[in-house]
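Residue numbers (my numbering), protein chains in the order written: chain A, 609 to 782; chain B, 609 to 782.
Virtual Cβ for every residue (Gly too), placed ideally from N, Cα, C.
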DNA sequence: TTATAATAGTTAGCCGGCTAACTATTAAAA
DNA sequence: TTTTAATAGTTAGCCGGCTAACTATTATAA
């Protein structure tokens, strides 16, 4: 899932120069936006690295989690796609690769021949259970610097950003 | 640059169930981590969408910015790669596509035949200058919900996260 | 009942990340 | 000076996103 993290970020001076030309530029906001991207990407990079060491990617990990919690540890590709928020085409690829690794089993349904059952295997279970403790530990490490008040604070700020993003999205959809 | 945004995020109940098995799980931190990813991805999705409407991607946009500010609006691919924080292979692809669009001009150096000059064209300039006002406006919209104090607050929190990420990264590199 | 529409999944091909292997050129060392 | 290193860039091929076009099956409507 990994994005580059552009290194040469504009400093205050360069932003000021731009502001001379583009009066609508709000330096503080632009700077915050870039900082937000930067922080996320550095964090995500480390997270992806840890996943990769375990033969995982974030989407593969999440799919394992979905199956883990599913009744009979079984789900349809269409349901996985919906839960994951990715297209069926993407899920189709992921599932195929996971089957090759022996983490899941595919079997066609008898009632609806269009449908497919995706079931977690023992191997898949092990891969997941082996990674979970590391997962929680990494997340703790990455956010280690925040006190519980700060966690609450950040949570509130994120909620606000979600609201404005949501608002903007809705305006665009009109 | 676009990532999926997984839809079925674990709620408090599911996290509690996991905590029964994995005592090292810190629900608040895990929830924050997922919220952070969610917020970033929703925001980025809208940003990418706006870029796309202008025939741009974030990396293409940033490269245009680098060239825009460069002396003689010219840079070497290796320098672009370094500034962008992406590999030369990636930049090679991007540059090729941008040349096809007529946004840049490639010319081999006379002094060092290995080197390549990448120069912004008039067309490239127009594409950039056309997008810039929209760019600033979108960023403002996406972060519209934050007061100036909240901007400062968030900026500080991001800095802290950068610190813990940095610390974790260094530990991993040992 | 038969034709049409909706649904489930796959495939092909694009994009932008990546690594690894390659060519060409220049610089450094023997 | 000649061999070896380093450097600049490209290419091939993997990954995981995407859309659009496809097959097969099931459901709906004429």
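ask   = Under the three-state reduction of DSSP, which class applies to residue 639 (chain B): helix, strand or coil?
value = helix
inquiry  = Just to confirm, is the Cβ distance from residue 647 (chain B) to residue 766 (chain A) under 8 Å?
reply    = yes
task = Run down chain A in chain order and give the residues with a C-beta less than 8 Å from the C-beta of residue 706 (chain B).
result = Neighbours of residue 706 (chain B) on chain A: none; closest Cβ ~16 Å, over 8 Å.
DSSP state of residue 715 (chain A) mapped onto helix, strand, coil = strand
key: Runs of alpha helix (DSSP H) wholly within the stretch 628-711 of chain B (minimum 4 residues, chain order)   = 635-661, 666-677, 685-692 and 696-708
key: Rounded Cβ spacing between residue 750 (chain B) and residue 698 (chain A) (contact assumed at less than 8 Å)   = No, residue 750 (chain B) and residue 698 (chain A) are not in contact; Cβ-Cβ is about 25 Å, not under 8 Å.
ask   = Taking buried to mean at least 16 other C-beta atoms within 10 Å of its own C-beta, is residue 652 (chain A) buried or exposed?
value = buried
key: Local conformation of residue 728 (chain B) per DSSP, three classes   = strand
request  = Determine, using beta carbons only, whether residue 672 (chain A) and residue 728 (chain A) come nearer to each other than 8 Å.
outcome  = yes
ask   = For a contact meaning CB atoms closer than 8 Å, what does residue 758 (chain A) contact in chain B?
value = 765 and 768
Chain A residues whose Cβ lies nearer than 8 Å to that of residue 744 (chain B) = 630, 632, 633, 634 and 638
query = Taking 8 Å as the CB-CB limit, is residue 721 (chain A) close to chain B?
reply = no
query = Does any residue of chain B bring its CB to less than 8 Å from the CB of residue 781 (chain A)?
reply = no
Near-chain B residues of the stretch 660-672 of chain A - C-beta to any C-beta below 8 Å = 667 and 670
inquiry  = Just to confirm before moving on: does the CB-CB distance between residue 714 (chain A) and residue 702 (chain A) stay below 8 Å?
reply    = no
ask   = Do the CB positions of residue 726 (chain A) and residue 682 (chain A) come within less than 8 Å of each other?
value = yes
inquiry  = Less than 8 Å between CB atoms is the rule here; does residue 686 (chain B) satisfy it with respect to chain A?
reply    = no
query = Can residue 747 (chain A) and residue 637 (chain B) be called in contact, C-beta distance under 8 Å?
reply = yes
query = Using the beta-carbon of each residue, which ones in chain A are nearer than 8 Å to residue 750 (chain B)?
reply = 641, 769, 772, 773 and 776
inquiry  = Contact criterion: CB-CB distance below 8 Å. Does residue 690 (chain B) meet it with respect to chain A?
reply    = yes
task = Work out the CA separation of residue 662 (chain A) and residue 780 (chain B) for me, nearest whole Å.
result = 15 Å
query = Taking 8 Å as the CB-CB cut-off, is residue 647 (chain A) touching chain B?
reply = yes
query = Can residue 650 (chain B) and residue 770 (chain A) be called in contact, C-beta distance under 8 Å?
reply = yes
message = Taking only three categories from DSSP, how would you classify residue 740 (chain B)?
response = helix
ask   = Taking buried to mean at least 16 other C-beta atoms within 10 Å of its own C-beta, is residue 708 (chain B) buried or exposed?
value = exposed
ask   = Looking at the unbroken alpha helix (DSSP H) that takes in residue 768 (chain A), where does it start and where does it end?
value = 756-781
inquiry  = Output needed for residue 674 (chain A): all residues of its chain with C-beta closer than 7 Å, excluding positions within five of it in sequence on either side, in chain order.
reply    = 683, 688 and 691
message = DSSP three-state label for residue 753 (chain B), please.
response = coil
task = Assign residue 609 (chain B) to one of three DSSP states: helix, strand, or coil.
result = With a pLDDT of only 45 at residue 609 (chain B), under the threshold of 50, the placement of this residue in the model should not be trusted, and no figure is reported.
query = Nearest-angstrom Cα distance between residue 775 (chain A) and residue 745 (chain B)?
reply = 14 Å
key: Candidates A:631, A:616, A:621 and A:617: closest to residue 742 (chain B) by CA position   = A:631
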